[in-house]
Structures are given as structure tokens and as C-alpha cells.
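Asks: I am attaching a structure below and will ask some questions about it afterwards.
Protein chains: 2
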Amino acid sequence: MKNRLKVLRAEYNFTQADLANKLGVSRQTVNAIEKGKFDPSLPLAFKMSKLFQLSIEEIFQNEELE
Amino acid sequence: MKNRLKVLRAEYNFTQADLANKLGVSRQTVNAIEKGKFDPSLPLAFKMSKLFQLSIEEIFQNEELE
DNA sequence: ACTAAAAGTAAATAAAACTTTACATTTTAA
DNA sequence: TTAAAATGTAAAGTTTTATTTACTTTTAGT
């Protein structure tokens, strides 16, 4: 699963720690998701979606399904 | 997290077992998600999205975030 | 009403997401 | 150029998602 978190953080001038705070998760969780180590839970994806005002599909792309 | 899986299954005339097969998960997993026992992983949500040709937001609603 | 298919549920287990602590490396700015 | 901030990473532990097996209840068709 690919994601645009790094770019979105840059646009909003958020550090990983900033984003983690706003999402209510740890900095390491944000880092791991950003680096593709694992995928966020659906609720966390929804939080990101709301924060950046983008659809989940605009933030995450599942390359497995074409 | 609410979802429209039961209705979508009805529209497509899928049993829980049918849907489970198409998604590559167990029937009990489909049942549990449908009954709101837990949320699907993000990759599983994407599979559902593709199968029903609906956005994740059209299938799942996070009532926690208004 | 009977039967079979579908749906609901539960317990035990496995796998994945996430936390915490901690330290190393890279980037930025004074 | 060096100090601080930001990022990367790792291990151990917790929580949540998903599986398997198995049994009960509900629904639909005859």
C-alpha cells in the first residue's frame, strides 16, 4: 500500500510528531506507516482523511488491486 | 464504524460466504465486520471498495468523526 | 412442518497494528 | 560547524483484526 503522507505533511508543514499528535497515535506509528512498514487501521485512515480533507483513496493507493 | 455491507450483499445477491470467498477472508470475518464487531483492515476495505465499485467512504462511515 | 442453506456466535489461536522505550542517523538553522 | 530538531529503526509488549472449528438459531423453499 502506497501513501502520500510525506507530501501531505510537507504541504501542511507538519512533523511526524505533529501528525502523530493530531491523529492520537505515536510518532513511530506515523513513521512506520509513512515508510510502508504497515497499513493504518481503517479508523486511523478515516482520521487522516478528515485531517487532510482528502478521500482515503486520495491518500492511500492499493497497488495490489491494479 | 457503520457499514452498508448487508445492503450491498443483498443488492448483489451474495451470501456472507460468497462475499468471504470473493474477498479471500473467512465467512466469520465477513459476519463480524457486518455486525460491527470490528473494522476491516485498510487492505480489506480496499478489496470491498473494488468489488462493489464504491469508495471506501460509501461503504463505511466513521460516526466518531461527526 | 421439514429440511437445507444462511446467518449468528463463541473459544482458541495467529497475525497485524500500535505503543513504549531507547538509541542512531539525518536534516536544519543559528 | 555544531547543537537541536526531525527522522529512522529496533525490541518487547498490548490490542485489534482475522482464522479455524464447531455449534446454535434464523430464514427460505418445498
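Sequences listed follow chains L and D, in order.
For the first sequence, the positions run 5 to 70 when my numbering is used.
For the second sequence, the positions run 5 to 70 when my numbering is used.
Glycine is no exception: its CB is placed at the ideal position from the N, C-alpha and C atoms.
These numbers were taken from a predicted model, which means no experiment stands behind them.
#1: Would you call VAL34 (chain L) buried or exposed, if buried means 16 or more other Cβ atoms sit within 10 Å of its Cβ?
#2: Excluding the 5 residues preceding and the 5 following SER59 (chain D) in the sequence, name in chain order all residues of the same chain whose CB lies nearer than 8 Å to its CB.
#3: Since GLN51 (chain L) and LEU27 (chain L) are thought to touch, with beta carbons under 8 Å apart, how far apart are those beta carbons, to the nearest angstrom?
#4: May I ask you to list, following chain order, the residues of the segment 42-65 of chain L that have a beta carbon less than 8 Å from some beta carbon of chain D?
#5: What does the Cβ neighbour count give for LEU46 (chain D), buried or exposed, with the cut at 16 atoms within 10 Å?
#6: Tell me, please, whether the CB atom of GLU68 (chain L) is closer than 9 Å to any CB atom in chain D?
#7: Give every residue of the same chain whose Cβ lies closer than 8 Å to the Cβ of GLU67 (chain D), excluding the five residues on either side of it in the sequence, and list them in chain order.
#8: Near LYS10 (chain D), what residues of its chain come up, given a Cβ to Cβ distance below 7 Å and the 5 sequence neighbours on each side ignored?
#9: In the DSSP assignment, find the alpha helix (DSSP H) that holds GLN20 (chain L) and state where it starts and stops.
#10: Just how far apart, CA to CA, sit LYS41 (chain D) and GLN32 (chain D)?
#11: Using the beta-carbon count (16 or more within 10 Å), is ALA21 (chain D) buried or exposed?
#12: Under 9 Å between the Cβ atoms of PHE64 (chain D) and ARG13 (chain D)?
#13: Put GLN65 (chain D) into one of helix, strand or coil per three-state DSSP.
Replies: Taking the structure as given:
#1: Against the first sequence, residue 34 (chain L) aligns to sequence position 30. It counts as buried.
#2: Against the second sequence, residue 59 (chain D) aligns to sequence position 55. Same-chain partners within the cutoff: SER53.
#3: Counted from its first residue, the first sequence places residue 51 (chain L) at position 47. Counted from its first residue, the first sequence places residue 27 (chain L) at position 23. In the sequence as displayed, the identity of residue 51 (chain L) is Lys instead of Gln. Right, the Cβ-Cβ distance comes to about 5 Å (below 8 Å), so this counts as a contact.
#4: ASP43, PRO44, SER45, LEU46, PRO47, ALA49, PHE50, LYS51, SER53, LYS54, SER59, ILE60, GLU61 and PHE64
#5: What you label residue 46 (chain D) is simply residue 42 of the second sequence in a count that begins at 1. Result: buried.
#6: Reading the first sequence from its first residue, position 64 is the one you call residue 68 (chain L). Closer than 9 Å: yes.
#7: Along the second sequence, one-based indexing puts residue 67 (chain D) at 63. Closer than 8 Å at the Cβ level, and outside the excluded window around GLU67 (chain D), lie MET5 and LYS6.
#8: The residue you call residue 10 (chain D) lines up with position 6 of the second sequence. Once the five neighbours on either side are set aside, the close Cβ partners of LYS10 (chain D) are GLU38.
#9: Residue 20 (chain L) sits at position 16 when you count from the first residue of the first sequence. That run of the alpha helix (DSSP H) goes 20-27.
#10: To locate residue 41 (chain D), count along the second sequence from 1; it is residue 37. To locate residue 32 (chain D), count along the second sequence from 1; it is residue 28. So the two alpha carbons sit approximately 11 Å from each other.
#11: Here residue 21 (chain D) refers to the residue found at position 17 of the second sequence. Exposed, by the Cβ-count rule.
#12: As a working mapping, residue 64 (chain D) is identified with position 60 in the second sequence. As a working mapping, residue 13 (chain D) is identified with position 9 in the second sequence. No, these two residues do not count as a Cβ contact at 9 Å.
#13: Numbered from its first residue, the second sequence carries residue 65 (chain D) at position 61. Three-state DSSP puts GLN65 (chain D) in a strand.
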